[in-house]
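Respectively, the protein sequence lines represent chains A and B.
Residue 184 in the working numbering sits at position 170 of the first sequence, with consecutive numbering throughout.
Residue 136 in the working numbering sits at position 122 of the second sequence, with consecutive numbering throughout.
We treat Cβ as the ideally placed atom computed from N, Cα and C, and that holds for glycine.
2 protein chains.
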Amino acid sequence: MYNEWQEKDREVVVLSIITIVGAGVMGSAIGFPARENGNEVRLVGTPLDREIIDHAKKTGEHLTLKRKLPEGYRYYQIEQLADALLDADLLVSGVSSFGVDWFEKEILTVIPESLPVLCVTKGMQDTKEGELIPYPRLYAQHLPGRKLSINAVGGPCTSYELADHDQTEVCFCGDDMETLRKIKAMFEGPYYHISLSTDVVGVECAVAMKNAYALAVTLAVGLSEKLDGKLHYNSQAALFGQSVREMRRLLKLCGGQDDNIIYGAGDLYVTVFGGRTRKIGTLLGQGLSFEQAMEELQGVTLESIVIATRTANAVKTLIAMGKVKKEEFPLLLHVDAVINEGAPVDIPWDVFETEFVL
Amino acid sequence: MYNEWQEKDREVVVLSIITIVGAGVMGSAIGFPARENGNEVRLVGTPLDREIIDHAKKTGEHLTLKRKLPEGYRYYQIEQLADALLDADLLVSGVSSFGVDWFEKEILTVIPESLPVLCVTKGMQDTKEGELIPYPRLYAQHLPGRKLSINAVGGPCTSYELADHDQTEVCFCGDDMETLRKIKAMFEGPYYHISLSTDVVGVECAVAMKNAYALAVTLAVGLSEKLDGKLHYNSQAALFGQSVREMRRLLKLCGGQDDNIIYGAGDLYVTVFGGRTRKIGTLLGQGLSFEQAMEELQGVTLESIVIATRTANAVKTLIAMGKVKKEEFPLLLHVDAVINEGAPVDIPWDVFETEFVL
Numbered sequence: 015m016y017n018e019w020q021e022k023d024r025e026v027v028v029l030s031i032i033t034i035v036g037a038g039v040m041g042s043a044i045g046f047p048a049r050e051n052g053n054e055v056r057l058v059g060t061p062l063d064r065e066i067i068d069h070a071k072k073t074g075e076h077l078t079l080k081r082k083l084p085e086g087y088r089y090y091q092i093e094q095l096a097d098a099l100l101d102a103d104l105l106v107s108g109v110s111s112f113g114v115d116w117f118e119k120e121i122l123t124v125i126p127e128s129l130p131v132l133c134v135t136k137g138m139q140d141t142k143e144g145e146l147i148p149y150p151r152l153y154a155q156h157l158p159g160r161k162l163s164i165n166a167v168g169g170p171c172t173s174y175e176l177a178d179h180d181q182t183e184v185c186f187c188g189d190d191m192e193t194l195r196k197i198k199a200m201f202e203g204p205y206y207h208i209s210l211s212t213d214v215v216g217v218e219c220a221v222a223m224k225n226a227y228a229l230a231v232t233l234a235v236g237l238s239e240k241l242d243g244k245l246h247y248n249s250q251a252a253l254f255g256q257s258v259r260e261m262r263r264l265l266k267l268c269g270g271q272d273d274n275i276i277y278g279a280g281d282l283y284v285t286v287f288g289g290r291t292r293k294i295g296t297l298l299g300q301g302l303s304f305e306q307a308m309e310e311l312q313g314v315t316l317e318s319i320v321i322a323t324r325t326a327n328a329v330k331t332l333i334a335m336g337k338v339k340k341e342e343f344p345l346l347l348h349v350d351a352v353i354n355e356g357a358p359v360d361i362p363w364d365v366f367e368t369e370f371v372l
Numbered sequence: 015m016y017n018e019w020q021e022k023d024r025e026v027v028v029l030s031i032i033t034i035v036g037a038g039v040m041g042s043a044i045g046f047p048a049r050e051n052g053n054e055v056r057l058v059g060t061p062l063d064r065e066i067i068d069h070a071k072k073t074g075e076h077l078t079l080k081r082k083l084p085e086g087y088r089y090y091q092i093e094q095l096a097d098a099l100l101d102a103d104l105l106v107s108g109v110s111s112f113g114v115d116w117f118e119k120e121i122l123t124v125i126p127e128s129l130p131v132l133c134v135t136k137g138m139q140d141t142k143e144g145e146l147i148p149y150p151r152l153y154a155q156h157l158p159g160r161k162l163s164i165n166a167v168g169g170p171c172t173s174y175e176l177a178d179h180d181q182t183e184v185c186f187c188g189d190d191m192e193t194l195r196k197i198k199a200m201f202e203g204p205y206y207h208i209s210l211s212t213d214v215v216g217v218e219c220a221v222a223m224k225n226a227y228a229l230a231v232t233l234a235v236g237l238s239e240k241l242d243g244k245l246h247y248n249s250q251a252a253l254f255g256q257s258v259r260e261m262r263r264l265l266k267l268c269g270g271q272d273d274n275i276i277y278g279a280g281d282l283y284v285t286v287f288g289g290r291t292r293k294i295g296t297l298l299g300q301g302l303s304f305e306q307a308m309e310e311l312q313g314v315t316l317e318s319i320v321i322a323t324r325t326a327n328a329v330k331t332l333i334a335m336g337k338v339k340k341e342e343f344p345l346l347l348h349v350d351a352v353i354n355e356g357a358p359v360d361i362p363w364d365v366f367e368t369e370f371v372l
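Listed below in structure tokens is the structure:
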């Protein structure tokens, strides 16, 4: 373990060893600011990342991020996990939400309890009781015998822009502020700015839900493209406002602090502008059925579909229990009907209307 | 006064006479759904709108909105105001924030107290005590002897898209819910959806502030264009999130309900994508001084500049009084420094970082 203090740019920096498991675009990109701070970064591929690791070893470049990785990154296949974990100060989970079961069984069961974990995976699981549980809490529930420090990253950040050193603001959340400060010190830098919060449920729910609502907002993109091929903003803004309204309600239902809506809104903003969630929302808005849209996307299962479905399931459970009203979540329930019941896109604009008396 | 009930599309509609004073793009566009509901719409130009009214009379088209106005719109020059007000059921103020003094002196002093008013003008005035007062409240303060019903429109709506019948969601606010419902009945339609609120201060503050923060968010557009000519979203999303954070704080300071942030966020979203506020934010972000940027915009005074300055003035007053801390509004104060003190754009990213302990 490096624990020497080093002079660097007149600041005292503690060098740490950071092991990232999951060499997808975000797992690989989050190491950039950490490596540039002088830390040792070890990138470990999952069984699905073999090619990425081989390619990076040979060329120093990331196959799907399509960027040169920082000098000094060390690369490991999953069989070398034990070597990669040797003397590590932090384990980063870089898996997507489709890798969380694997990560829990193969990684979280073998690491020492003294090794803190930072998860980039955004997502939640619904329960039969209508709860929505974010991954850090799920891991803890599934591994009751283990005392792990499981922290997570929330906030608006695309991996490509992080790798390009764009100004980025995120929030690290976890149960212990001292641990969060130590992790922050490894990553913070001139372009990567980090708030800290012990409201794990609030931060994680806010940033997970935005995937569902980004799909909702981009329905308006498709609707207007179908109309005249141009972008129209009144309708997008209306769905954006309604999304913020429903996300705030969901945050309260989950037990998170309302203030976290800033991460949800910021993250919603960035998600609306990029990637496959915008693509599927746009296709659905243009009038394609869910099956046709998924065909266009070549059957890739999207996190936005998963999270929309899970969130809607929780809400439907709570409606059945009489704990919430369906009028409180018209946009979410419409998205759910479109993706899971074959309903055509037909935004329930009138249901969004409210009357508020002081 | 029409007060006959008419059968129209199997719904019973009360026809009303709506007089709009101010024939700019928004004043002219808000009459579209009202006219299409069968109401009589009378468009009265201010002394600055002579050409618009002349042109519309001759051609049926709006000179700056560049759209055909609805069949049956009636046009009046300001000298014909008395005729235009005859038997009117609603007066709409279509003036911009630069016309509010004129509107107050020339119009609000002469109308009957029984005539309700609906203002499309977004804006606030700061006071020496650090308050921010929206226009409906200012009018009431300035005309203490008059018992007027002054209502206002908030929410994300560009005039061009409203005139194009795009799906649009707004909020009408005023002191009396019954009056609001009557006004809503004149305007609501298949593409114009209206929530109602008696929280005038909350709705109006939320939608006024977004002009200041739209300028702030678009600084990131200019910063990234300067870098490589491309749009980057992490930095925009960071400024969007920070804007939502500061706007929620301002809402509380103004005494408005926090829930109105949905109008602020939606309105911020639409303003970031269009018009001159994006233009000036982008130019400033690219590195132009405020004077150079204003020169590019040919000296047009922007509402975003006015509202940013007024809001910052109120906040600076409250800081001097020890009622708020400057760390609570770093983005607003930076925008103020750029536009009013010649400071270069240098986003205080680190100051945005927070620590939150449950």
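Taking CB atoms only, A/PHE254 has a neighbour in chain B less than 7 Å away. At least 7 Å separates the CB of A/SER163 from every CB of chain B. Per the C-alpha coordinates, the member of A/LEU264, A/GLU54, A/PRO130 and A/GLN139 positioned closest to A/GLY188 is A/PRO130.
When secondary structure is reduced to three states using DSSP, B/LEU146 falls in the strand class. Sequence-ordered contacts of the segment 208-231 of chain A with chain B read ILE208, SER209, LEU210, SER211, THR212 and ASP213 [C-beta pairs closer than 8 Å]. At a cut-off of 7 Å, the C-beta of A/THR182 has a neighbouring C-beta in chain B. Three or more Cβ pairs drawn from the segment 135-153 of chain B and the segment 330-343 of chain B lie within less than 8 Å of each other, which places the two stretches in contact. The alpha helix (DSSP H) runs lying completely inside the segment 203-286 of chain A and spanning 4 residues or more are 214-242, 247-268 and 275-286, given in chain order. Proximity of B/GLU175 to chain A, defined by a Cβ-Cβ separation below 7 Å, is satisfied.
Listed along the chain, the chain A residues whose CB falls inside 8 Å of the CB of B/MET191 are GLU369 and VAL371.
Under the three-state reduction of DSSP output, B/THR193 falls in the helix class. Beta-bridge partners of B/ALA166 (DSSP): B/CYS133 and B/CYS187. With a contact defined as Cβ atoms closer than 8 Å, A/GLY169 and A/CYS219 miss out at about 13 Å. The beta carbon of A/TYR90 sits closer than 8 Å to the beta carbons of ARG56, LEU57, VAL58, GLY59, ILE67, ASP97 and ALA98 from its chain, once the five residues preceding and following it are set aside; these are given in chain order.
A/GLN91 sits in coil when the DSSP states are folded into three classes, being neither helix nor strand. Here the C-alpha atom of B/ALA154 lies approximately 18 Å from the C-alpha atom of B/PHE112. Residue-level contact check: A/ILE66 does not touch chain B, since none of the beta carbons of chain B fall below 7 Å from its beta carbon.
Put simply, the CB of B/PHE366 is near chain A, with a gap under 7 Å to one of its CB atoms.
Among the residues of the segment 74-102 of chain A, none has a Cβ less than 8 Å away from any Cβ of chain B.
An exposed status is given to A/THR123, since fewer than 16 other beta-carbon atoms sit within 10 Å of its beta-carbon. As computed with DSSP, B/LEU57 is found in a beta bridge with B/ILE34 and B/TYR89.
Take A/VAL338, set aside five residues on each side of it, and the residues of its chain with a beta-carbon closer than 6 Å to its own are LEU332, in chain order. Chain B has a Cβ within less than 7 Å of the Cβ of A/ASN248. When C-beta atoms of the segment 310-321 of chain B are compared with those of the segment 253-262 of chain B, fewer than three pairs fall below 8 Å, so the two segments do not count as touching.
In this structure, A/GLU341 and B/SER209 do not form a Cβ contact; the two beta carbons are roughly 13 Å apart against a cut-off of 8 Å. 7 Å or more divides the Cβ of B/ILE31 from the Cβ of B/GLY108. For A/ASP350, the enclosing alpha helix (DSSP H) stretches over residues 344-354.
Around the beta carbon of A/ARG292, 16 or more other beta carbons lie within 10 angstroms, which makes this residue buried. Here the segment 236-246 of chain A does not lie against the segment 265-285 of chain A, with fewer than 3 beta-carbon pairs under 8 Å apart. Using a CB distance cut-off of 7 Å, A/ALA251 counts as an interface residue toward chain B. Excluding its 5 nearest sequence neighbours in each direction, A/GLU369 has no C-beta neighbour in its own chain below 7 Å. Contact check for A/ARG324 and A/LEU311: beta-carbon distance about 19 Å, past the 8 Å limit, so the pair fails to qualify. For A/ARG259, the closest Cβ of chain B is nearer than 7 Å. Under the Cβ criterion of 7 Å, A/TYR283 is counted among the residues facing chain B. Per the C-alpha coordinates, the member of A/GLY295, A/LEU104 and A/PHE117 positioned closest to A/ILE92 is A/PHE117.
For B/VAL221, the CB contacts under 7 Å within the same chain, skipping 5 residues up- and downstream, are LYS136, GLY168, GLY169, TYR277, GLY278 and ASP281 in chain order.
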